[in-house]
Structures are given as structure tokens and as C-alpha cells.
Amino acid sequence: MPLRTGTARPVSLLLAVVLAAVTLTGCALPELARDCEGTGDRVKETAALGILDSRPDGAAVARGFEEADAGCWADSGDVVVYAGRTYTFPGAQAEVTEHYRTAAVRDGWNPDPEALPGDLCFTREGMALSIVFLTAERLAEDGHGSRPDLTSGAGYSVSVDSYVNSGAEAGC
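Add 4 to a position in the sequence shown, counting from 1, and you land on the number used in my numbering.
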């Protein structure tokens, strides 16, 4: 009596699920296979944007964040290049907000009309610029634990995201 391996049914089921997912999402297999290959120069260009180094007087690079965080991620066919910096500021969030509203516009960034009130988000040439104030909860979620140097005064990050080869509009 031959042994039954039972692999035909699970493989058929898996193929049916993949075919249904591709059909329902409108994704083609080449789109799902996109990755970050060849984005190195674009990552460097994004990390070198002047707005990432712009900061109000008194702001300092946060301890442990001396280098810009830059790279690329790919998910479901979307490829995104990103770069960001993290700063501490002994003053109020309002001072940081005022600085970036002025600096971003001066640097050619436009306020994103779809951003929520109070969000600091700008767009330019297919890129999105976000300034996000850090909280203990957000730091813990990102694996940085409790960082008193970032939770007193105004700990914040400045980041730029840009979609690669997808035609998607960058926004907040």
C-alpha cells in the first residue's frame, strides 16, 4: 500500500488563494516582485536633502541618532526610499513648528492640503516631508525604549519619503 503524502490538496489550495489574491487586488506578479535593487543613489540623494539638517537654534542631534536613518523598503509592489533625522530641542513644540513651516516653504516644499490640522507635512517633487514629535509611547513602539532626552522639551524627527517607480503620489 503506497503512502499518501497529502501535499496535492494544500498546494492546490495555496495556488487558488494566490490566484484569487492577484485577481482581486489587480496586482500582476511583476509588481509583487519589485524590490529595492538599484535605489542606492536615490537613498543617498534623499539623505542629503538640506531640510533634514535644518533645525531651530538650540536643537541637537539626539544621542544614538548621529547618522541619518536612510534606506528603502518594499511592500506589495510599492518601493519607498526614505531618510530621516532625530533631534532634541529644549524649547516648546511651537518653536519647532514655526521653524519648519518657514524652512520647508523656503526650501520649495508645499503644505500638504490633505494633512490633518496640526500635522507638519509637506510635499515636493513626488516626496513627502513629515515632522513628528516623539512621545515615550512612540519611542517604545519603535524599539527605542524610554529616552528622557527625547521626551522632555521637543524630541522630534524629520523624515522624507518618496515612492519609486509606482506612479503613486507622495503624501501624508
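Virtual Cβ for every residue (Gly too), placed ideally from N, Cα, C.
Boundaries of the beta strand (DSSP E) harbouring R128: L124 to R128, taken from the DSSP string.
Contact check for C40 against V83 passes: the beta carbons are separated by less than 9 Å.
Per the DSSP secondary-structure output, D165 pairs in a beta bridge with Y86 and A132. Cβ atoms of A98 and D116 stay farther apart than 8 Å, at about 20 Å. The beta-carbon separation of G68 and Y86, rounded to 18 Å, does not stay under the 8 Å limit for a contact. Assignment of D39 by DSSP, reduced to helix, strand and coil, places it in the coil class. The closest CA to that of A66, considering only K48, R105 and G159, is found on G159. In this structure, DSSP gives T139 a state outside helix and strand, which the three-state scheme calls coil.
Between R46 and V164, the CB-CB gap reaches or exceeds 9 Å.
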